[in-house]
Amino acid sequence: FIALFMAGIAGFRIDSPDYENYYLYFNMLSKGIDYRQINIVAPDPAFALLNICLSRLSTNPLILFLFFGITSVLINAFCFKKYVKYFMISMLFYLVHTYVARELMQIRAGLACALCLFSLRYIVNKCPWRFLITIILASSFHLGAVVFLIA
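Under UniProt numbering, the residues of the sequence shown are numbered 1 to 151, in order.
Dropping the structure here:
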């Protein structure tokens with residue numbers, strides 16, 4: 001329940017330092033402007049593609065924020081539930097430490113970090129190719145995820 005509540009807040013919030021940039025980016029891409037020509041946010045290809053796909057479902061940018069909020073929070077909650085002994089304490093640390101910055105403002109970084117956290121299972125299970133693919137996917141949302149290859 002706590003994860004769904006947090007995902008809802010992340011998806012429905014309309015005021016954060018980066019909100020306006022993501023809003024404008026979504027609207028420009030939905031009008032067919034090439035993502036490489038838009039200098040509002042970093043030109044990460046998966047983020048641009050996702051914006052374009054979501055804009056086909058709805059012209060309201062809220063769909064973008066809902067997608068990122070729900071996906072990022074639920075991936076994090078899944079990982080905490082699966083790998084951490086005290087789930088609620090983990091969610092509390094997540095809420096006070098990273099949730100506000102990642103899921104409410106830096107949504108690309110939030111999803112990339114959630115995917116990086118998810119990828120740890122592939123290191124534990126000795127599946128290097130799945131780990132690499134997951135990190136490449138995370139990096140296509142936010143280039144900073146490349147650093148996780150050191151893991």
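Built from N, CA and C at the ideal position, the CB exists for glycine as well.
These numbers come from a predicted model, not from an experiment.
Just checking: is the beta-carbon of residue i within a distance shorter than 8 Å of some beta-carbon in chain B?
i	result
Ser30	Absent from the structure is chain B; it holds one protein chain and no more.
Roughly how many angstroms separate the alpha carbons of residue i and residue j, rounded to a whole number?
i	j	result
Phe1	Val73	12 Å
Tyr122	Cys116	10 Å
Leu28	Thr71	Note that residue 28 is Met in the sequence shown here, rather than Leu. If I take the Cα positions, the gap works out to 23 Å.
Glu20	Trp129	37 Å
Met88	Phe5	14 Å
Lys126	Tyr94	27 Å
Pro61	Ser55	7 Å
Leu120	Met105	24 Å
Tyr99	Asp15	15 Å
residue 152	Lys85	Residue 152 falls outside the range modelled here, since the chain spans only 1 to 151, and no answer is possible.
Leu49	Ile38	13 Å
Leu137	Lys82	22 Å
Ile133	Arg13	31 Å
Would you identify the three-state DSSP class for residue i, choosing helix, strand or coil?
i	result
Thr98	helix
Asn21	helix
Met91	helix
Gln37	helix
Gly69	helix
Ser16	coil
Ser55	helix
Pro45	helix
Cys127	coil
Val146	helix
Return yes when the Cβ of residue j is within less than 8 Å of the Cβ of residue i, no when it is not.
i	j	result
Leu64	Phe26	yes
Gly110	Phe68	yes
Phe118	Ile52	no
Ser30	Thr59	yes
Ala10	Glu103	yes
Leaving aside the five residues before and after residue i along the sequence, list all residues of the same chain whose C-beta is less than 6 Å from its C-beta, in chain order.
i	result
Ser139	Ala145 and Val146
Phe47	Arg108 and Phe141
Ala77	Ala3
Phe148	Cys116 and Ile135
If you drop the 5 nearest sequence neighbours on each side, which residues of the same chain put their C-beta closer than 7 Å to that of residue i?
i	result
Cys113	Arg102
Leu24	Ile40
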